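**Student:**
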Amino acid sequence: MVYGAECWAIHKHHEQKLHTCEMKMLRWAAGVTRLDKVHNEHIRGSYKVAPITDKIKESRMRWYGHVMRRDEDHVVKKALSLPDSKRGRGRPLATWRSTISKDLKQAQLNEETTQDRPIWRMRTRRADPK
C-alpha cells in the first residue's frame with residue numbers, strides 16, 4: 635500500500651485515506667466490525683503497529699538521508715538542487731521538497747545531521763509500539 639511512499643508529496647486527505655484503509659485492514663484481520671464499537675487505538679495496540687503516516691515519514695526521512703549522503707555529482711542529488719519553476723497565482727503546490735522540510739522542522743533536524751548515518755538513523759527511526 636505504501637510502496638514508493640518515500641517519494642510522495644503527501645497531502646492531509648491522502649493521509650486520511652491511508653489511515654482509513656489501514657484501519658479497515660486491521661479490523662478485518664482482527665475479526666472486528668465497526669458495530670462492535672472497538673476503538674482504533676485498541677485495535678492498533680493489540681497488533682502493536684505504528685500509524686501508517688509515521689511509517690511513511692520514517693521512510694521519507696530514511697531516503698532523504700540516503701540521498702544527502704551521496705556524492706555531489708550523483709543524478710538524484712543534482713535533481714534535488716534544481717531550481718523551482720516559476721509559479722502562477724494561488725497557493726503553491728505541495729512538493730516533495732516542501733514536505734521533507736516540514737518533516738525536518740517537526741523532528742528538529744537539519745541537513746548536516748544526515749551526514750552521520752548512525753545518529754540520523756537513531757533520530758528518524760520510529761519503532762512500533764510495544
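The sequence shown: position 9 = 643 (our numbering), numbered continuously. Virtual Cβ for every residue (Gly too), placed ideally from N, Cα, C. Treat the numbers as computed from the prediction; the structure is a model and nothing was measured.
#1: Return the chain-ordered list of same chain residues with a C-beta closer than 6 Å to the C-beta of TRP730, the five sequence neighbours on each side being excluded.
#2: Quick check: the Cα distance between GLY722 and THR733, rounded to an integer number of angstroms?
#3: On the criterion of 16 or more Cβ atoms from any shown chain inside 10 Å, does LYS691 qualify as buried, or is it exposed?
#4: Is the segment 741-757 touching the segment 701-708 in the sense that three or more CB pairs, one from each, lie closer than 8 Å?
#5: Are the Cβ atoms of PRO685 and GLU640 separated by less than 9 Å?
#6: What's the gap between the Cα of TRP754 and the Cα of GLY699?
#7: Within the chosen definition, does the segment 706-715 reach the segment 666-685 through at least 3 CB pairs nearer than 8 Å?
#8: Under a three-way DSSP split, which group does MET659 fall into?
#9: Decide if the segment 670-683 is in contact with the segment 647-662; the criterion is three or more beta carbon pairs, one per stretch, under 8 Å apart.
#10: Tell me whether MET695 is buried or exposed, calling it buried when 16 or more other Cβ atoms sit within 10 Å of its Cβ.
**Tutor:** So, to answer that:
#1: Counting from one through the sequence shown, the residue named residue 730 turns up at place 96. For TRP730, where only same-chain residues beyond five positions count, the Cβ hits under 6 Å are ALA643.
#2: Residue numbering aside, residue 722 sits at position 88 when the sequence shown is read from its first letter. Residue numbering aside, residue 733 sits at position 99 when the sequence shown is read from its first letter. For the pair GLY722 and THR733, the Cα-to-Cα distance works out to about 20 Å.
#3: One-based indexing of the sequence shown puts residue 691 at position 57. It counts as buried.
#4: yes
#5: Mapped onto the sequence shown, residue 685 falls at position 51. Mapped onto the sequence shown, residue 640 falls at position 6. Taking 9 Å as the Cβ cut-off, PRO685 and GLU640 do not qualify as a contacting pair.
#6: As a first step, residue 754 must be located in the sequence shown, where it is residue number 120. As a first step, residue 699 must be located in the sequence shown, where it is residue number 65. So the two alpha carbons sit approximately 7 Å from each other.
#7: no
#8: Along the sequence shown, read from residue 1 onward, the residue named residue 659 stands at position 25. In this structure, DSSP gives MET659 a helical state, which the three-state scheme calls helix.
#9: Yes, the segment 670-683 is in contact with the segment 647-662.
#10: Here residue 695 corresponds to residue number 61 of the sequence shown, with the count starting at 1. Answer is buried; the Cβ neighbour count reaches 16.
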